[in-house]
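The block underneath contains the structure these notes are about, expressed in structure tokens.
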Amino acid sequence: MNKLLRKLVPKFIRRPIEKNKLKSTVLNHYNSTEKEFIDQEKSDALEYLKESGFSVFPYPFQEKYKRSDIEVFIDSSNQLKYIITEGKRLYFKRKSSKRGVRRNYNFLKIEQDKKSPHRYLTDRFDLEKNDILVDVGAAEGNLALEVIEKVKKVYLFETDERWIEALQATFAPWKDKVVIVNKFVSDVNDAENVSLDEYFKDKESFNFLKVDAEGAEGDILKGAEKIIAENQNLKIALCCYHKPYDEDKFKAYLKDRKFEVSFADGYMIFPEPKTFKPPYLRRGVLRAVR
Numbered sequence: 006m007n008k009l010l011r012k013l014v015p016k017f018i019r020r021p022i023e024k025n026k027l028k029s030t031v032l033n034h035y036n037s038t039e040k041e042f043i044d045q046e047k048s049d050a051l052e053y054l055k056e057s058g059f060s061v062f063p064y065p066f067q068e069k070y071k072r073s074d075i076e077v078f079i080d081s082s083n084q085l086k087y088i089i090t091e092g093k094r095l096y097f098k099r100k101s102s103k104r105g106v107r108r109n110y111n112f113l114k115i116e117q118d119k120k121s122p123h124r125y126l127t128d129r130f131d132l133e134k135n136d137i138l139v140d141v142g143a144a145e146g147n148l149a150l151e152v153i154e155k156v157k158k159v160y161l162f163e164t165d166e167r168w169i170e171a172l173q174a175t176f177a178p179w180k181d182k183v184v185i186v187n188k189f190v191s192d193v194n195d196a197e198n199v200s201l202d203e204y205f206k207d208k209e210s211f212n213f214l215k216v217d218a219e220g221a222e223g224d225i226l227k228g229a230e231k232i233i234a235e236n237q238n239l240k241i242a243l244c245c246y247h248k249p250y251d252e253d254k255f256k257a258y259l260k261d262r263k264f265e266v267s268f269a270d271g272y273m274i275f276p277e278p279k280t281f282k283p284p285y286l287r288r289g290v291l292r293a294v295r
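First residue of the sequence shown: 6, per the numbering used here; consecutive thereafter.
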């Protein structure tokens, strides 16, 4: 949809138009050019897309989650909004509305459902007691909060300054073992960027790395080459849906370095305009173990 039409068409009309266009683009592509490559997982996703409309997660598991079921609280000490998850407070950005918190947290629950293509952990791929977690692209810190009571230490890298205050509030009860770093993680080192190799050159090694960095995952891997080469006890949960073919590139990169590689089940459809091109169905999270 062009910019002029965006201005003329109200959001409540425009969104269905955009979703229908995305849906048609994906279905037409797989109906016309990819028939011989459609396995059962892809078939399930395309059938859901056809019957239920466009969705980032084209599977029925998401339908059990309702925003209206989420209760939002306000902390009187800092006026930040939060929700309760497994008895712990998860805080959100200061300017978040209650509606926005419900929407965001509902999406988080969908994203981390056990059937989700974006699920980081499984029963076999998990953090153990006294592990050290490095979370690149922490946002609200939901993964770290899930495991905070059993890990030894957590490093949260988050570039959005608006999340820093919320992260500090969320992890205040465990501040002695949480380090929050407000920098871009990359393959260069300057005032705004830091590589993992540089940051951890004088620190104890970590054994679990999660990366969800809006398409910067490749640069982050380049900046962690020494760690990846030398750390023989490492698990990596790596998002691979932001760019076309990242899943193949990252799989080859890590297999060459003697990791066992697998993917979360199913596929995602990522509607970022700049990268919305085939393959539209992409694996969400790569899991690597060595």
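Each residue gets a CB set at the ideal place from its N, CA and C atoms; glycine is no exception. Remember, predicted model here, so these are calculated numbers, not experimental data.
Check: Whole angstroms is fine: what's the gap from Phe-59's alpha carbon to Lys-24's?; Outcome: 6 Å
Check: For Lys-215 and Asp-140, which I take to be in contact (beta-carbon distance under 8 Å), what is that distance rounded to the nearest angstrom?; Outcome: 5 Å
Check: Quick check: what's the CA-CA separation for Val-193 versus Lys-227?; Outcome: 9 Å
Check: Does the beta-carbon of Asp-131, which I'm using as the reference point, lie nearer than 6 Å to any heavy atom of the ligand PLP?; Outcome: Among the components of this structure there are no ligands whatsoever, and the ligand PLP is therefore not found.
Check: By the three-class DSSP mapping on this structure, what secondary structure does Asp-202 have?; Outcome: helix
Check: DSSP three-state label for Ile-43, please.; Outcome: coil
Check: Kindly list the residues whose CB is nearer than 8 Å to the CB of Arg-108, restricted to its own chain and excluding five residues on each side of it in sequence; keep chain order.; Outcome: Arg-72
Check: Helix, strand or coil: how does DSSP classify Leu-226 here?; Outcome: helix
Check: For Ala-196 and Val-186, what's the separation of their Cα atoms in angstroms?; Outcome: 13 Å
Check: Looking only at C-alpha atoms, which of Pro-284, Ile-233, Gly-289 and Asp-165 sits nearest to Leu-243?; Outcome: Gly-289
Check: Can you give the Cα-Cα distance for Ser-102 and Lys-263, rounded to whole angstroms?; Outcome: 46 Å
Check: Is the distance from the Cβ of Asp-202 to the Cβ of Ala-171 below 7 Å?; Outcome: no
Check: Once you ignore the five residues that flank Arg-99 on each side, which residues in its own chain have a CB closer than 8 Å to its CB?; Outcome: Gln-84, Leu-85, Arg-167, Glu-170 and Ala-171
Check: Do you know how far the Cα of Phe-275 is from the Cα of Arg-129?; Outcome: 27 Å
Check: List the residues that DSSP assigns as beta-bridge partners of Ile-185.; Outcome: Leu-161
Check: Since Thr-90 sits in a beta bridge, which residues does DSSP pair it with?; Outcome: Lys-93
Check: Between which two residues does the alpha helix (DSSP H) containing Asp-253 stretch?; Outcome: 251-261
Check: Could you work out which residue in His-247, Pro-249, Val-266 and Lys-248 is closest to Lys-256 when comparing CA atoms only?; Outcome: Val-266
Check: Return the residue from the list Tyr-160, Asp-253 and Ser-210 that minimises the CA-CA distance to Arg-292.; Outcome: Asp-253
Check: So what's Glu-209 in DSSP terms, helix, strand or just coil?; Outcome: coil
Check: Around the C-beta of Tyr-250, are 16 or more other C-beta atoms found within 10 angstroms, so that it is buried, or is it exposed?; Outcome: exposed
Check: Closest to Ser-81 by CA distance: which of Glu-68, Ala-174 and Gly-271 is it?; Outcome: Ala-174
Check: Within its chain, find whatever has a CB closer than 7 Å to the CB of Val-106; leave out the 5 residues flanking it on each side and keep chain order.; Outcome: Val-77, Lys-86, Ile-88 and Phe-97
Check: When DSSP labels each residue in this structure, what does Asp-195 get in the three-state scheme?; Outcome: coil
Check: Checking the sheet assignment: what are the DSSP bridge partners for Cys-244?; Outcome: Val-290
Check: Could you check the C-alpha separation between Lys-12 and Arg-20 for me, to the nearest Å?; Outcome: Caution is warranted here: a pLDDT of 48 is assigned to Lys-12, below 50, making its placement in the model unreliable, and the coordinate value is therefore given only provisionally. Roughly 13 Å between the two C-alpha positions.
Check: Name the residue from Asp-74, Lys-157 and Lys-279 whose alpha carbon lies nearest to the alpha carbon of Arg-104.; Outcome: Asp-74
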